[in-house]
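Participant: Here it is, the structure, as structure tokens.
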Amino acid sequence: MTDATGPRLGGVFAEFIAAVIFLTRLPIRWRGAWPQDLDSRALTWFPIVGTLIGAVGGLVYWGLSSVNVPPLLAALLTVGALMGLTGALHEDGLADVADGFGGGRDREAKLTIMKDSRVGTYGAAALVLSVAARTLALAAIASPHHVAVALIGAHAYSRAFLPGMKLLLPEARLVGHSAGVGKPNSARALAALLAGFVLAATTLGKLPMDGGMTRLAVLAVAAGGVLVVAQLARRQVGGITGDVLGAAEQVAEILFLVAVTGALGGAVPIP
């Protein structure tokens, strides 16, 4: 168990540690007072923490491949390991959104269903599709080096949009974790987006993209998925919740990885 004592940490490092605590299940214990605005400031570091999460996934896949685990099984175990590292935080949001948007008759019913900890039919289907899509995408990429690069880009880029969504969209609930976090300022939201864009573009530059999609198209596909989730949330429940942010991350991550397989084309073998 690692202790992080609030008053002893510098402002930037405290923000980074807070982001790690929020996005992972690493055994970091915060001692001392938690600054009131720390949650909103920590959002800036989401793409950086996403980079580290993706790197862990790359190491897991490389380790499994090095002992001759087949690509499909290695991909599935990598996705499972990443869910363990993050506590399936975003997967939980995706399932709740699928249940709420799919099963609720009106705005209040949708929000009530999303708050329910039980997983319904729509949520279970969304989870199966999420795990299957990411597993098959990683298995199609196959090369441990390329998988690591793709995971780093996907996890950085998918989290880069969340501060902007917090800033630009109204809260669907007046109370709750998302409402309690507060909104980041525009400079921090823009910094997170730019950081995620640069990290993702840099990683894509390390892939042999011989398929029909360009690097910019991969980024555009993932960004488009976030916009769809944002617009759907505005129409369905009037804004965002923590679950909506989790669903947006999942959609962006999935589309990024799937688009990478299309961009790679014949550059990698399909198992």
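In full-length UniProt numbering, the protein residues as written are 1 to 271.
Think of the CB as a built atom: it goes at the ideal place given N, C-alpha and C, for glycine as much as any other residue.
1) Can you pull the DSSP bridge partners for LYS171?
2) Evaluate contact between the stretch 255-262 and the stretch 219-234, counting only Cβ atoms and requiring at least three cross-stretch pairs below 8 Å.
3) List, from N- to C-terminal side, the alpha helix (DSSP H) runs of 4 residues or more that fit wholly inside the stretch 16-64.
4) Looking at C-alpha atoms only, which residue of SER66, ALA217 and LYS166 is the closest neighbour of ARG188?
5) Skipping 5 residues on each side, what residues in its chain have a beta carbon closer than 6 Å to that of PHE16?
6) With 16 as the cutoff for other CB atoms within 10 Å, does GLY265 come out buried or exposed?
7) Taking 8 Å as the cut-off, is the CB of LEU264 close to at least one heavy atom of the ligand GDP?
8) Can you have a look at GLN231 and say buried or exposed, based on whether 16 or more other CB atoms are within 10 angstroms of its CB?
9) For ASP243, count the other beta carbons within 10 Å of its own beta carbon; 16 or more makes it buried, fewer makes it exposed. Which is it?
10) Please check the pair ALA172 and LEU111, which I expect to be a contact at CB under 8 Å, by giving their CB distance rounded to whole angstroms.
11) Taking GLY102 as part of the alpha helix (DSSP H), name the residues at either end of that continuous run.
12) In angstroms, rounded to a whole number, what distance separates the CA positions of ALA14 and LEU38?
13) What is the rounded straight-line gap between the Cα of GLY54 and the Cα of SER117?
14) When the distance is taken between beta carbons, is TYR61 closer than 9 Å to ALA133?
15) Taking all protein chains shown into account, decide if residue 292 is buried (16 or more other Cβ within 10 angstroms of its Cβ) or exposed.
16) Counting only the same chain and skipping the five closest in sequence on each side, list residues whose C-beta sits under 6 Å from that of ALA95.
17) If we ignore side chains and look at the alpha-carbon of each, how far apart do ARG163 and HIS145 end up?
18) If residue 295 sits next to GLY57, beta carbons under 8 Å apart, how far is it from one beta carbon to the other, in whole angstroms?
19) So what does DSSP say about PRO208, is it helix, strand or coil?
20) Give a yes or no on contact between the stretch 97-104 and the stretch 61-72, applying the rule of three or more CB pairs nearer than 8 Å.
21) Go through its chain and collect everything with a Cβ distance to HIS90's Cβ below 7 Å, but skip five positions before and after it.
22) In chain order, what residues of the same chain lie with their CB nearer than 6 Å to the CB of ARG215, ignoring the 5 residues before and after it?
23) Could you tell me the alpha carbon to alpha carbon distance between VAL268 and SER143, rounded to whole angstroms?
24) In whole angstroms, what is the alpha-carbon distance linking LYS206 and ALA154?
Facilitator: Let's see:
1) Note on residue identity: the sequence assigns Glu, not Lys, to residue 171. Note: GLU171 sits in a beta bridge opposite ILE240.
2) yes
3) 38-42
4) LYS166
5) TRP45
6) exposed
7) Judged by which ligands are present, the structure shown has none, so any question about the ligand GDP falls away.
8) exposed
9) buried
10) 6 Å
11) 89-103
12) 8 Å
13) 27 Å
14) no
15) Lying outside 1 to 271, the shown extent of the chain, residue 292 is not represented and no answer is given.
16) VAL119, GLY123, ALA126 and LEU127
17) It should be noted that the sequence gives Pro, not Arg, for residue 163. Using only the alpha carbons, I get a separation of about 30 Å.
18) Outside the displayed range of the chain (1 to 271) lies residue 295, so it cannot be described from this structure.
19) coil
20) no
21) GLY246, GLU249 and GLN250
22) LEU204
23) Because VAL268 carries a pLDDT of 49, less than 50, the predicted location of this residue cannot be relied on, and no value is offered for it.
24) 14 Å
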